[in-house]
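Residue numbers (the working numbering): 14 to 359. Backbone N, C-alpha and C define an ideal beta-carbon position, used for all residues, glycine too. The structure displayed is predicted, hence computed values, not measured ones.
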Ligand SMILES: C[S@@+](CC[C@H](N)C(=O)[O-])C[C@H]1O[C@@H](n2cnc3c(N)ncnc32)[C@H](O)[C@@H]1O
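What follows is the structure in structure tokens.
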């Protein structure tokens, strides 16, 4: 049965963290509706079993759980709302709980965090007299999030431990290349391609394997190719280092891929700065690559790809017959704006 859920996002991009959570639900064929989002909070209706999948897969979600209520960001409104909640649905009798309030981006100066936490705890205790506040080791954790004009109150169900992503930062890998992407973004590419555990995930410009490592650690059957054999050797070393076994790696030009019927492609092609296009204009390379994608992608399959905005992969993809599902702009520095686009094939 569906419930109202909240996801506290990392906020390290205005749209990617929410898109990543939604893509995970779609990859796992879990329906959702009533989506509302801003850069820090996503709320929707879905089956709560999706929370464990988000915990396992997402790189840009911090905490998630049941949304109990949402209201205007004023103490009066918050207190009014909390008094209407039937807390016996959330805390067992004689159990313990805590209430923590977060004020995001230093917003909500009018909210006194400690005072509000105490007040909300007192109201819950008086509604369920056999329960007790325990700040050190609570059985249930309520969380209040004060963000701009809104206040969200929920029961925390998962905390996404994304520290392991930092252990795979490029400089800690045995083989390095300046063009590789960091694990957080690589993980996001994999999720946006709607890849699933045990299914094939292809990166046809795999470089030293940044995307393949994340896909492999999520349980995908990873397949990578690159025109440069040095990159393939390095990708092999990196994948072994992170215990990604069973990956298929081959030397191949992405415009002549020896595959077909692939469900998920996640890739970061070269654009002639950090990594070479081997003398081919980026637009020409992309046009020829997209013709090949249209051939190898299965019906309903997804491609997640990034490129400098001036290459205009949106138009190139549309011309090749694919559909655009979503796009996200990433400002890397003054002279480089990239666009991450997800396509599918109908
Ligand atoms: C931006 S890098 C990929 C980085 C990779 N995502 C990573 O994390 O290491 C692009 C790669 O495309 C490869 N490449 C360039 N032209 C190619 C082509 N026509 N077919 C296949 N690979 C190509 C380059 O050798 C380079 O390794």
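Just curious, the alpha helix (DSSP H) that residue 301 is in, first and last residue?
295-309
Among 270, 342, 302 and 23, the one whose alpha carbon lies nearest that of residue 175
Shortest Cα-Cα distance from residue 175 to any of 270, 342, 302 and 23 involves 23.
Buried or exposed for residue 193, going by 16 or more other Cβ atoms inside 10 Å?
buried
Which residue comes first and which comes last in the alpha helix (DSSP H) that contains residue 202?
196-205
Beta carbon of residue 281, beta carbon of residue 166: below 8 Å?
With respect to residue 166, residue 281 sits apart: the two C-beta atoms are not nearer than 8 Å.
Beta carbon of residue 329, beta carbon of residue 350: below 8 Å?
Their beta carbons are not under 8 Å apart, which means residue 329 does not touch residue 350 by this criterion.
Residue environment, residue 312, which counts as buried when at least 16 other CB atoms sit within 10 Å:
exposed
If I follow the unbroken beta strand (DSSP E) through residue 167, where does it start and stop?
163-172
Can you have a look at residue 142 and say buried or exposed, based on whether 16 or more other CB atoms are within 10 angstroms of its CB?
Around the CB of residue 142, fewer than 16 other CB atoms lie within 10 Å, so the residue is classed as exposed.
Measuring straight from C-alpha to C-alpha, what distance separates residue 168 and residue 335?
41 Å
Three-state secondary structure (DSSP) at residue 261?
Reduced to three states, the DSSP call for residue 261 is strand.
Distance between residue 99 and residue 151 (C-alpha atoms, nearest Å):
19 Å
Residue 46: buried (16+ other C-beta within 10 angstroms of its C-beta) or exposed?
exposed
Along the chain, where does the alpha helix (DSSP H) containing residue 330 start, and where does it finish?
326-332
Do residue 205 and residue 275 have their CB atoms nearer than 8 Å?
Taking 8 Å as the cut-off, the Cβ atoms of residue 205 and residue 275 do not count as close.
Burial state of residue 182 (16 or more Cβ within 10 Å)
In the assembly as shown, residue 182 is an exposed residue. Its beta-carbon has fewer than 16 other beta-carbons within 10 Å.
What are the start and end residues of the alpha helix (DSSP H) that includes residue 233?
Here residue 233 belongs to no alpha helix (DSSP H), and DSSP marks it neither H nor E.
Is it buried or exposed for residue 244, if we count other Cβ within 10 angstroms and need 16 for buried?
buried
Could you please give me the residues that DSSP links to residue 215 through a beta bridge?
According to DSSP, which records beta bridges pairwise, residue 215 is partnered with 236 and 278.
I'd like to know whether the C-beta atoms of residue 237 and residue 279 end up nearer to each other than 8 Å.
no
For ligand 1, is there any heavy atom lying closer than 7 Å to the beta carbon of residue 219?
yes
Mark residue 250 as exposed unless 16 or more other C-beta atoms lie within 10 angstroms of its C-beta, in which case mark it buried.
When all chains shown are included, residue 250 counts as exposed.
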